[in-house]
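Visitor: To start, I am sharing the structure in question, which I have written as structure tokens.
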Amino acid sequence: MLEIFHSVYLEKDKCEGCTNCLRGCPTKAIRVRDGKAKILEDKCIDCGECIRICPYHAKQALTDPIEKIKDSAYKYTVALPAPTILGQFKKQYSIPQILSTIKELGFDEIAEVAYGAELVGEALKYEIEEDGYEKPVISSACPAVVKLIQIRFPDLVDNVSKLKSPMIVTAGLTRERIIKEKGLKPEEIGIFFITPCAAKATVIKNPSEKEKYIPLVDGAISIIDIYGEIRRKINNVNVDESTQTSSSKGFSWARSGGESDFLKDKNVLNVDGINNVINVLEEIERGKLDDIDFFEGLACPGGCVGGCLTVENSFVAKMRIQERAKNIENQEFIEEKKIKEVYDENKLTRLEEIKPREPQTLDDNMIIAMEKMAEIDRITEELPGFDCGSCGSPGCRALAEDIVRGKATKVNCIFVLREKISELSMLTNEIVENVHPMMWEKEKKETE
Amino acid sequence: MAYHMKFTIEQGDYVTAGEASRKIKRNLRKIGIDKKIIRRVAIAAYEGEMNVAIHSLGGEMGVELLPDKVVVVIQDKGPGIPDLDLAMKEGWSTAGKEVREMGFGAGMGLPNMEKNADEFQIKSGSSGTTISMGFNVN
């Protein structure tokens, strides 16, 4: 079986075995077993919803500590900040000031992912005109949404844009340039993404095997982990204006709609929040939205600004991004010619095909699978229908399925258990009240 | 061996309509039906659900999964379709303003069902309409 790596994981000691994550998971990928939450690897899309929900902060994302950049294997390190970082700070801190501060945390260079975003966004104009797409073309930017499509909307994989994500584009171009400029070997360069979310961290740990340089990104440092360090240093930093390489069009990808803005003359739909995205994908699957040219679906509320590894409230961060964009509306860094050139060289196109992930069927034999489905329906009818999650499965139907799959029993349901105990106690009473004639004889003898 | 599903569809309930086709999709996937066929079944079932909710006095949808085919039967309680040939034309609709404002009633329902099904039969009279659709599984 295929090994699936996830960056979302459980810190067992902190888990109280409650049902918050269980019921909040949009893909029903969590079960509580032996008093602890357990993530079903084949269902998890790394959206980070459980990280947001868990009141005990037991759900975490596996990212790299900033100390990793000091690894002696790296002769040159680069920080690849996601544009979301700009929404974490007030406007009084300029973009070059924020970027220079990150650089001073120990990196040799800064390469804004917003730059790659600008390239991909402009290239989208050409890509959307390509043959072979069913409409709408779906953005490939959010890895949680791409994984959701692979698992739950497998017939929509061909709608997904063939362009790479801004992070991958920025990392690829940066590594190539540094190899050329500095004469370094690919493995001597350490490229670190400053990530707002778990899904991106997962992408980094599962590199495409077709890329020329593996890994393309050496690590993921979460915004949460780096935020405090930036705050401490930001007022005493030598601002290097050249750190900023993107315009407002690029960094606006941090918020929902930023990508769609590149397609001004097209019919675009942008949706954020994983459950909203699921609902709209249902509509697309039904063929109801073929009048739309482009669909931008982002798993987090407000877009990447709502990532589970960010500090600032997503609404505030979104406002800050928009505010910064307003100030520098006419700024253009990348020439159209340059974009066309990179696009035509195929540097922006995904190397790996996005394939549907086969679902776990109830049985390899369809007839047996049908029987099992009928059994699930029957058991579901017998369960109380409260979807309380106390059984450790995310709802009554999920419990019924877990029972049929041999992974749970019916008395996991506390209401079924209560009924059984009630039946048992009635039976006990009945037995006790009907005294056996032999016993009566014995008692009589004793009193004589 | 066959596997059945049955759904009640209320008149005017556009909000929950779509639930049946979602459940059909979920169950067929876990049974191991090909994704292309599931999509066609789901589209046709959804159109059927919406038709019953919009135009009829309510009805039922039954899904029967046989080893070689999926059969979807949608039956409503009337008032029936006066001109069937016209109703089967793309873009022809009798849906009211409220329905159209919600984005439905574009007159694509029946043609879309016929297009997605391998077999399509429709019978209509004043006591109701019955649509029967077959989808080959293999």
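Protein chains in written order, with this note's numbering: chain U, 491 to 938; chain D, 2 to 139. Cβ atoms here follow ideal geometry from the backbone N, Cα and C, with glycine treated the same way. Note that the structure is predicted; figures quoted are calculated from it, not measured.
#1: Distance cutoff 9 Å, beta carbons only. Does U/D783 sit that close to anything in chain D?
#2: Please identify, using Cβ separations under 8 Å, the residues of the region 634-653 of chain U that lie next to chain D, in order along the chain.
#3: U/K504 to D/V16, Cα distance in whole Å?
#4: Assuming U/P686 contacts U/V603 (C-beta within less than 8 Å), just tell me the rounded distance between them.
#5: In chain order, which beta strand (DSSP E) runs of at least 3 residues are fully inside the region 803-870 of chain U?
#6: Between D/Y15 and chain U, is the shortest Cβ-Cβ distance under 9 Å, so that the two count as touching?
#7: Pop quiz: U/L759 and U/I782 are said to be a contact at Cβ under 8 Å. What is the actual Cβ separation, rounded to whole angstroms?
#8: Please identify, using Cβ separations under 9 Å, the residues of the region 862-886 of chain U that lie next to chain D, in order along the chain.
#9: Just by C-beta distance, which residues in the region 45-62 of chain D are closer than 8 Å to chain U?
#10: U/L492 to U/Q582, Cα distance in whole Å?
#11: Tell me, please, whether the region 657-664 of chain U touches the region 599-614 of chain U by the rule of three or more beta-carbon pairs shorter than 8 Å.
#12: Strictly by DSSP, which residues pair up with D/T131?
#13: If I follow the unbroken beta strand (DSSP E) through U/P656, where does it start and stop?
#14: What are the start and end residues of the alpha helix (DSSP H) that includes U/P571?
#15: Take U/Y546 and list the residues in its own chain whose beta-carbon comes closer than 6 Å to its own, dropping the five residues that flank it on each side.
#16: Given a cut-off of 9 Å, decide if D/A54 and D/D14 are closer than it, judged by their beta-carbon atoms.
#17: To the nearest angstrom, how far is it from the Cα of U/V767 to the Cα of U/V635?
#18: Could you tell me which of U/F579, U/K560 and U/R908 sits nearest to U/G718, measuring between CA atoms?
#19: Cα separation between U/K828 and U/I844?
#20: Alpha carbon to alpha carbon, how far is U/V894 from U/E865?
#21: Sorted by chain position, which residues of the same chain lie with C-beta nearer than 6 Å to U/A815's C-beta, five sequence neighbours on each side aside?
#22: With H, G and I counted as helix, E and B as strand and the rest as coil, what does DSSP make of U/M491?
#23: Kindly indicate which three-state DSSP category U/L539 falls into: helix, strand or coil?
#24: Determine the contact status of U/E619 and U/I824, defining contact as a CB-CB distance below 9 Å.
#25: Which chain U residues are close to D/P148, counting only those with a beta carbon under 9 Å from its beta carbon?
#26: Could you give the DSSP three-state label for U/C798: helix, strand or coil?
#27: Go ahead and pull the three-state DSSP assignment for U/N757.
#28: Give the straight-line distance between the Cα atoms of U/E599 and U/R523, rounded to the nearest whole angstrom.
#29: Output yes if chain D places a C-beta closer than 9 Å to the C-beta of U/E891; else output no.
#30: Terminal residues of the continuous beta strand (DSSP E) containing D/G63?
#31: Compare the beta carbon distance of U/R745 and U/G792 with 9 Å and say whether it is the shorter of the two.
#32: Please return the same chain residues whose Cβ sits closer than 8 Å to the Cβ of U/V727, not counting the five positions on each side in sequence.
Guide: Per the coordinate set shown:
#1: no
#2: P644 and D645
#3: 40 Å
#4: Contact between U/P686 and U/V603 fails: their C-beta atoms lie close to 10 Å from each other, not under 8 Å.
#5: none
#6: no
#7: 5 Å
#8: K862, M863, A864, I866 and D867
#9: Taking 8 Å as the Cβ-Cβ cut-off against chain U, the residues of the region 45-62 of chain D that qualify are Y47.
#10: The predicted model places U/L492 with a pLDDT of 41, which falls under 50 and marks its position as unreliable; any figure quoted below should be read in that light. Using only the alpha carbons, I get a separation of about 48 Å.
#11: yes
#12: D/Q76 and D/K124
#13: Element bounds for U/P656: not the beta strand (DSSP E) but the alpha helix (DSSP H), P656 to K672.
#14: Run containing U/P571: none in the alpha helix (DSSP H); it sits in the beta strand (DSSP E), Y566 to P571.
#15: K504 and E506
#16: Judged by beta-carbon spacing, D/A54 lies within the 9 Å limit of D/D14, meaning their Cβ atoms are closer than that value.
#17: 8 Å
#18: Ranked by how close their Cα comes to the Cα of U/G718, the residues U/F579, U/K560 and U/R908 have U/F579 in first place.
#19: 27 Å
#20: Their backbone Cα atoms lie some 7 Å apart in a straight line.
#21: S738 and S742
#22: Low confidence applies to U/M491: its pLDDT is 33, below 50, so where it sits in the model is not reliable, and the reading given next is rough at best. U/M491 falls in the coil class under three-state DSSP.
#23: Rather than Leu, the amino acid found at residue 539 of chain U in this sequence is Glu. In the structure shown, U/E539 sits in a helix (DSSP, three-state: H, G or I).
#24: no
#25: An answer regarding residue 148 of chain D cannot be provided, because it is not within the stretch 2 to 139 covered by chain D.
#26: coil
#27: coil
#28: 46 Å
#29: yes
#30: G60 to L67
#31: yes
#32: Excluding residues within five positions, the ones whose Cβ falls inside 8 Å are Q587, S590, T591 and E594.
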